[in-house]
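Residue numbers (full-length UniProt numbering), protein chains in the order written: chain D, 1 to 399; chain B, 1 to 399.
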């Protein structure tokens, strides 16, 4: 936990070569030809790029089928088909949240992720099973990755009696964030849903991270209600809206006033940069001063077979989705998966300056854009000054 | 060229395990416990999946920067910015078509591609440089991949005097396909452009593969002109429209009549499944009976830093772009990158039946969907019965 290390010959953000001295898990010195204090190990950076650890700001650690037999997906097309299918089959498919979240966390870590925000299902079928399992992983794998939990009413909050009480229980158990989901189209009661989740935020003094898949005008309506409550309750800087497909509507008259409000109230946006849905315009949001983060969402689960926990690949998706081709644009895509994600998760001491926590990743490429475009499997991952993965092999073993 | 091989214990399309006897480069027998004729090598399939070789139906072998120093992209946003930037810098950046096409062809092959259709620039600045270079690669690497050339007027056909004569020269030199580009928005003379390229097709008895980036109504207009000429000239089954972003317009009144005509005249569609542009609806096209293929387009070039020549990854992009989540849908995405591509390229003897050419790829996954979603680097690639790559290492060395 308090590792020291001298990292020789690395290029911060592909800039000029430096040495980096890490003491007690934090960056102590950056400079040329640093000398190693007695007993401090030296790692040859080999002239590679160094960037801060990748930030997985939206996933579902409790859902993955990693390591289980292949699941043949025959699920219906609607959101509720996927929700109901998952809830009804979770036990049968042996999706044990403790085991599965451990598997995914190790995979994330070895690909360079140092921080994860995980939504965790809370429903009347499984109660605290998910929350307890992911908390077990959070504690057991603290040496390789930091995990925070969002209590997530995946099956709806009001439409299934008893869920709100379980959400309350999840917050008492120590979830860091209150979750929510499509106030109009799932609970079909936007006022009721938003009053309930904002109520939990108020009660526990915690931030909100709400899923909003609702498209176009209906999503804009829900977003407006979220904005209204954020302002009224003084929750500036404490709300994230995940997905926000509505912001991908090609209608500036609908979108621009919303973006202005997001900036004023410092409401963050999470986008997976989906190829098949309208998606929030990343550059426009960043230019407006809105924090934008990204995440893998579900990884190989009953919802979809895709996903590999690689946030460098996610940065590529952000680049592809937003037609980022120039190097300075591709850098924005990486920022979304690093520094911007850190701002959304309010990670203390994140970055590459002296004094920052030494959560780092070394990449054997010439440029940032090359790292994003090629996603090299050769990576060294450093967590609090300790090397926790090399070339796809973690120091921890998956259960 | 006439290799024989007994492939033991493989699962065609993840079906039941069989042995596969290859004689003189073709599949001679498929069955249980086949015996190896004298002198025939045996390869243990290890229970892996076998599918036919991947088909790269749209790339630009002459453009890639693979193996060259990182190119910092600072190019402007318009299509013409990219076209002019490339033409003006090709020599300066040392993008030698022979060397670069060899590099990309080897990369494609080791990832499982057995057939490539490459558009090759023909312009007044570089003349036959591209065509000659890619032809050199086609001949020199015939043992690992089959390459066909499209003579491609990248900088426009009529707007730059002398290009049409060069296109003629390229066809005489042996290009298999006539190319074209955005008749309205680049040449600004749709009748002139289309008469010219269809004229070349008539003169040389060759098919057409035309780039059509034009969006919405203008793309639909150009497509209608292409349809008209295909019918009038009796070129049923001999035309491919690449990109066809206009078919991604969410307006059935505009799109459906066009799709009907495409089916009647057997005009094929190539889509890279772009995340940032409207894209042809793959399932709808296939269901209408339209042949649909895919390709990497440019790979790490002056246009964009992305691309790795992996057509399994491209199948994933097709899946993600079209929201294919069910296993049967993901299979469609693979089909587009294999059998459908083979239909578009009219590849003789393509497939997994007895008598087919043994162009195969072995994948260590449980299912087709898993192969597409995970894109495992462990692959064995077989070209005409000979193993040409194992786990990312080709039998050929890049120049």
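Using N, Cα and C, we set each Cβ at its ideal position, and we do this for glycine too.
In this text, all values refer to a predicted model and were calculated from it rather than measured experimentally.
- request: Have a look at 288(B), 15(B), 19(B) and flag the residue whose alpha-carbon is nearest the alpha-carbon of residue 8(B).
  value: Against the second chain, residue 8(B) aligns to sequence position 8. Comparing Cα-Cα distances from residue 8(B) to each of 288(B), 15(B), 19(B), the minimum goes to 19(B).
message: Does residue 227(B) pass the burial test, meaning 16 or more other C-beta atoms within 10 Å, or should it be called exposed?
response: Position 227 of the second chain, counting from 1, holds the residue named residue 227(B). With 16 or more other Cβ atoms within 10 Å, it is buried.
- request: State the start and end residues of the unbroken beta strand (DSSP E) segment that holds residue 18(B).
  value: On the second chain, residue 18(B) is found 18 positions in, with the first residue counted as 1. First-last of the beta strand (DSSP E) with residue 18(B): 18–23.
Sub-8 Å separation of residue 158(D) and residue 196(D) beta-carbons: If you number the first chain from 1, residue 158(D) lands on position 158. If you number the first chain from 1, residue 196(D) lands on position 196. Cβ atoms of residue 158(D) and residue 196(D): closer than 8 Å.
message: Could you tell me the alpha carbon to alpha carbon distance between residue 186(D) and residue 277(B), rounded to whole angstroms?
response: For the purposes of this step, residue 186(D) is taken as residue 186 along the first chain, with counting starting at 1. For the purposes of this step, residue 277(B) is taken as residue 277 along the second chain, with counting starting at 1. So the two alpha carbons sit approximately 29 Å from each other.
message: Here's the rule I'm using: 16 or more other beta-carbon atoms within 10 Å means buried, otherwise exposed. How should residue 1(D) be labelled?
response: The residue you call residue 1(D) lines up with position 1 of the first chain. In this prediction, residue 1(D) scores a pLDDT of 46, lower than 50, which makes its location untrustworthy; the coordinate-derived value is nonetheless stated afterwards. Burial call: exposed.
- prompt: Using a Cβ-Cβ cut-off of 6 Å (strictly less than) and excluding sequence neighbours within five positions of residue 343(D), which residues of its own chain qualify?
  reply: Taking the first chain and counting its residues from 1, one reaches residue 343(D) at position 343. Excluding residues within five positions, the ones whose Cβ falls inside 6 Å are 291.
message: I need the DSSP call for residue 8(B), collapsed to helix, strand or coil.
response: Mapped onto the second chain, residue 8(B) falls at position 8. Three-state DSSP puts residue 8(B) in a strand.
At least three beta-carbon pairs within less than 8 Å, the stretch 212–226 of chain B to the stretch 241–258 of chain B: yes
task: Look up residue 293(D) in the DSSP assignment and say whether it is helix, strand or coil.
output: Along the first chain, read from residue 1 onward, the residue named residue 293(D) stands at position 293. If DSSP states are grouped into helix, strand and coil, residue 293(D) belongs with the strands.
- request: Quick one: residues in its chain with C-beta nearer than 7 Å to the C-beta of residue 12(B), no 5 flanking neighbours on either side, listed in chain order?
  value: One-based indexing of the second chain puts residue 12(B) at position 12. Result list for residue 12(B): 18, 50, 352, in chain order.
- request: With distances taken Cα to Cα, identify the nearest neighbour of residue 14(B) among 382(B), 38(B), 371(B).
  value: Taking the second chain and counting its residues from 1, the one referred to as residue 14(B) is at position 14. Nearest C-alpha to residue 14(B): 371(B).
message: Tell me the residue span of the alpha helix (DSSP H) that contains residue 193(D).
response: In the first chain, counting from the first residue as 1, residue 193(D) sits at position 193. Residues 190–204.
query: For residue 313(B), which option in 302(B), 303(B), 330(B), 269(B) has the closest C-alpha, if you only look at C-alpha atoms?
result: Taking the second chain and counting its residues from 1, one reaches residue 313(B) at position 313. Here the closest residue by C-alpha is 330(B).
task: Out of 33(B), 285(B), 332(B), 300(B), state which residue places its alpha-carbon closest to the alpha-carbon of residue 255(B).
output: Here residue 255(B) refers to the residue found at position 255 when the second chain is read from its first residue. Ranking the options by Cα distance to residue 255(B), first place goes to 285(B).
message: If contact is defined by three or more beta carbon pairs under 8 Å, each pair taking one atom from either stretch, is the stretch 352–367 of chain B in contact with the stretch 81–101 of chain B?
response: no
- prompt: Between which two residues does the alpha helix (DSSP H) containing residue 368(B) stretch?
  reply: Within the second chain, the letter at position 368 stands for residue 368(B). First-last of the alpha helix (DSSP H) with residue 368(B): 368–374.
query: According to DSSP, is residue 168(B) helix, strand or coil?
result: Along the second chain, read from residue 1 onward, the residue named residue 168(B) stands at position 168. Residue 168(B): helix per DSSP, three-state reduction.
- request: State the CB to CB distance for the pair residue 381(D) and residue 109(D), rounded to an integer number of angstroms; the pair is presumed to be in contact (CB under 8 Å).
  value: By one-based count along the first chain, residue 381(D) stands at place 381. By one-based count along the first chain, residue 109(D) stands at place 109. With 8 Å as the limit, residue 381(D) and residue 109(D) qualify as a contact, their Cβ atoms being about 6 Å apart.
field: Cβ of residue 87(B) within 8 Å of any chain D Cβ
entry: On the second chain, residue 87(B) is found 87 positions in, with the first residue counted as 1. Answer no: the Cβ-Cβ gap between residue 87(B) and chain D never drops below 8 Å.
field: Cβ neighbours of residue 349(B) in the same chain (closer than 6 Å, five flanking residues each side left out)
entry: Within the second chain, residue 349(B) is the residue found at index 349, counting from 1. Closer than 6 Å at the Cβ level, and outside the excluded window around residue 349(B), lie 356, 357.
Extent of the continuous beta strand (DSSP E) run through residue 29(D): Taking the first chain and counting its residues from 1, one reaches residue 29(D) at position 29. It spans 26–31 - the beta strand (DSSP E) in which residue 29(D) sits, taken as one unbroken run.
query: Is the Cβ-Cβ distance between residue 272(D) and residue 294(D) less than 8 Å?
result: Mapped onto the first chain, residue 272(D) falls at position 272. Mapped onto the first chain, residue 294(D) falls at position 294. Going by C-beta atoms, residue 272(D) is nearer than 8 Å to residue 294(D).
query: Residues of chain B with a CB under 9 Å from the CB of residue 43(D): which are they?
result: By 1-based counting over the first chain, the position of residue 43(D) is 43. Correct list: empty, because the minimum Cβ distance to chain B is about 24 Å.
query: Which residues, taken in chain order from the stretch 320–354 of chain B, show a beta carbon closer than 8 Å to some beta carbon of chain D?
result: 320, 321, 322, 323, 325, 326, 327, 328, 330
message: Mapping the DSSP letters down to three states, classify residue 152(D) as helix, strand or coil.
response: Counting from one through the first chain, the residue named residue 152(D) turns up at place 152. Residue 152(D): strand per DSSP, three-state reduction.
message: On the DSSP letters alone, give me the boundaries of the beta strand (DSSP E) that residue 52(D) sits inside.
response: As a first step, residue 52(D) is located in the first chain; it is residue number 52 there, counting from the start. Note, residue 52(D): beta strand (DSSP E), 41–52.
- prompt: Which residues in the same chain as residue 384(D) place their Cβ atom closer than 7 Å to its Cβ, once the five residues preceding and following it in sequence are excluded?
  reply: For the purposes of this step, residue 384(D) is identified with residue 384 of the first chain, where counting begins at 1. The residues are 1, 3, 25, 357, 358, 359.
task: Return the residue from the list 193(B), 184(B), 179(B), 211(B) that minimises the CA-CA distance to residue 204(B).
output: As a working mapping, residue 204(B) is identified with position 204 in the second chain. It is 179(B) whose Cα lies nearest to the Cα of residue 204(B).
- request: Identify which residue in 176(D), 302(D), 267(D) has its Cα closest to the Cα of residue 88(D).
  value: Taking the first residue of the first chain as position 1, residue 88(D) is located at position 88. The shortest C-alpha separation from residue 88(D) is found at 302(D).
- prompt: Alpha carbon to alpha carbon, how far is residue 338(B) from residue 237(B)?
  reply: Here residue 338(B) corresponds to residue number 338 of the second chain, with the count starting at 1. Here residue 237(B) corresponds to residue number 237 of the second chain, with the count starting at 1. Cα to Cα, the separation comes out at about 18 Å.
- prompt: Taking 7 Å as the cut-off, is the CB of residue 378(B) close to at least one heavy atom of the ligand PLP?
  reply: Judged by which ligands are present, the structure shown has none, so any question about the ligand PLP falls away.
- prompt: Which residues, in order along the stretch 292–312 of chain B, keep a beta-carbon less than 9 Å from a beta-carbon of chain D?
  reply: 300, 303, 304, 305, 306, 307, 308
- prompt: If you measure from the beta carbon of residue 316(D) to each beta carbon in chain B, is any gap under 8 Å?
  reply: On the first chain, residue 316(D) is found 316 positions in, with the first residue counted as 1. Closer than 8 Å: yes.
- request: Answer with buried or exposed for residue 391(B), where buried requires no fewer than 16 other C-beta atoms within 10 angstroms of its C-beta.
  value: The residue you call residue 391(B) lines up with position 391 of the second chain. Answer is exposed; the Cβ neighbour count stays below 16.
- prompt: Between the stretch 52–72 of chain B and the stretch 91–101 of chain B, do at least 3 Cβ pairs fall closer than 8 Å?
  reply: yes
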